Amino acid sequence: MAKKPKSPKSSTGGGTDRRAVVEQMRSQTRKADRRRNFMIVGVCVVVALLIIGAAAYRPIKDWWDLRQFEEIELASIGAPASVCQEITTKPATGNQEHVAEGTPLTYADAPPATGRHYPTWEPISRKFYGSDRPELGYLVHNLEHGYTVMWYDETAANDAEMLSQVRAIAEKFEGDDTNFRLKFKAAPWTEEDGAAFPEGQHVAFTHWSVGDGSEGGQVGVTQYCSAPSGEALEAFMDEYPYTDSPEPNAG
1 MAKKPKSPKS STGGGTDRRA VVEQMRSQTR KADRRRNFMI VGVCVVVALL IIGAAAYRPI
61 KDWWDLRQFE EIELASIGAP ASVCQEITTK PATGNQEHVA EGTPLTYADA PPATGRHYPT
121 WEPISRKFYG SDRPELGYLV HNLEHGYTVM WYDETAANDA EMLSQVRAIA EKFEGDDTNF
181 RLKFKAAPWT EEDGAAFPEG QHVAFTHWSV GDGSEGGQVG VTQYCSAPSG EALEAFMDEY
241 PYTDSPEPNA G
């Protein structure tokens with residue numbers, strides 16, 4: 001029996017199938033690329049929002065923490081004055097003794113109330129300092145101008161309640177930069193600065209006083225506290241106002 005001839009294959013069918021497969025693969029690749037791009041964009045947006053949120057968290061938290069003190073008088077912030085030790089005085093050193101800015105300075109007392117210092121000082125406008133605190137040489141010059149500095153150690157800095165009280169106390173001195181009664185700074189004291197505060201004490205007030213007014217009669221005044229105390233600070237500054245200083249009329 002004679003064999004039937006084979007049906008001729010389509011000259012275009014195979015090529016069309018291959019092109020369809022290739023096009024399908026390309027389409028799938030494009031879709032995968034789009035999904036991957038969307039995922040990358042989404043991750044970037046989330047990361048950006050986290051960064052923005054982290055940056056905004058601290059100022060917002062600080063603002064929220066300070067709200068509770070808005071209607072409270074200075075003397076009512078923090079612990080009572082009884083948490084503070086007796087005020088001590090020590091003969092002053094370094095009156096008008098300036099050293100070049102950046103010169104390493106060490107002080108015998110922790111924290112200092114007097115001593116050699118830089119020729120310039122911190123402006124009256126800023127009251128609270130955190131980790132960006134200037135070098136001690138600037139703040140000691142502020143002391144010579146009649147400022148009271150409230151120093152807080154690392155225990156206080158790491159305690160949310162105490163730190164919010166320090167901030168709230170500093171906030172009470174915000175105001176007109178020409179009002180020298182507001183000569184106040186709150187600044188951290190770290191182990192890099194010198195010796196630790198006496199055991200159990202986490203806050204210290206210092207002031208540079210003219211003492212009895214005689215030549216060589218200037219004294220450094222210090223009071224340590226176990227916790228921030230607006231009541232103790234108010235009494236300290238009443239007893240040692242900015243006018244009781246070597247250079248009260250300087251900013």
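Quick note: the sequence shown uses full-length UniProt numbering, first residue 1, plus one each step.
The C-beta atom is built at its ideal place from N, Cα and C for all residues, glycine as well.
The model shown is predicted, which means the values in this text are computed figures rather than measured ones.
1) Might you give, ordered along the chain, the residues of its own chain that have their beta carbon closer than 7 angstroms to the beta carbon of His98, omitting 5 neighbours on each side?
2) Cα separation between Arg126 and Val43?
3) Whose C-alpha, out of Gly211, Ile40, Thr206, is nearest the C-alpha of Cys225?
4) Using a 10 Å radius around the Cβ and a threshold of 16 neighbouring Cβ atoms, would you call Leu176 buried or exposed?
5) Among the residues of its own chain, which have a CB less than 7 angstroms from the CB of Val219, if the five just before and after it don't count?
6) Going by DSSP in three states, Gly78 sits in which element: helix, strand or coil?
7) In whole angstroms, give me the CA-to-CA distance for Ala227 and Gln201.
8) What are the boundary residues of the alpha helix (DSSP H) that Phe236 is part of?
9) Assign Arg26 to buried or exposed, taking buried as 16 or more other Cβ atoms, counted over all protein chains shown, within 10 Å of its Cβ.
10) Does DSSP put Val210 in a helix, a strand or coil?
11) Work out the CA separation of Gln28 and Pro8 for me, nearest whole Å.
12) Can you tell me whether Gly220 is helix, strand or coil according to DSSP?
13) For the structure I just gave you, are there three or more beta carbon pairs, one from the segment 181-193 and one from the segment 130-140, closer than 8 angstroms?
14) Which of the three DSSP states, helix, strand or coil, is assigned to Gly251?
Straight from the coordinates:
1) His117, Tyr118, Pro119
2) 39 angstroms
3) Thr206
4) The question names Leu, yet the displayed sequence has Asp at residue 176. That one is exposed.
5) Thr89, Lys90, Pro91, Ala92, Ser209, Gly211
6) strand
7) 7 angstroms
8) 230-239
9) exposed
10) coil
11) Its pLDDT being 49, under 50, Pro8 is placed unreliably in this model, and the value from its coordinates should be taken loosely. Cα to Cα, Pro8 sits roughly 34 angstroms from Gln28.
12) strand
13) yes
14) coil
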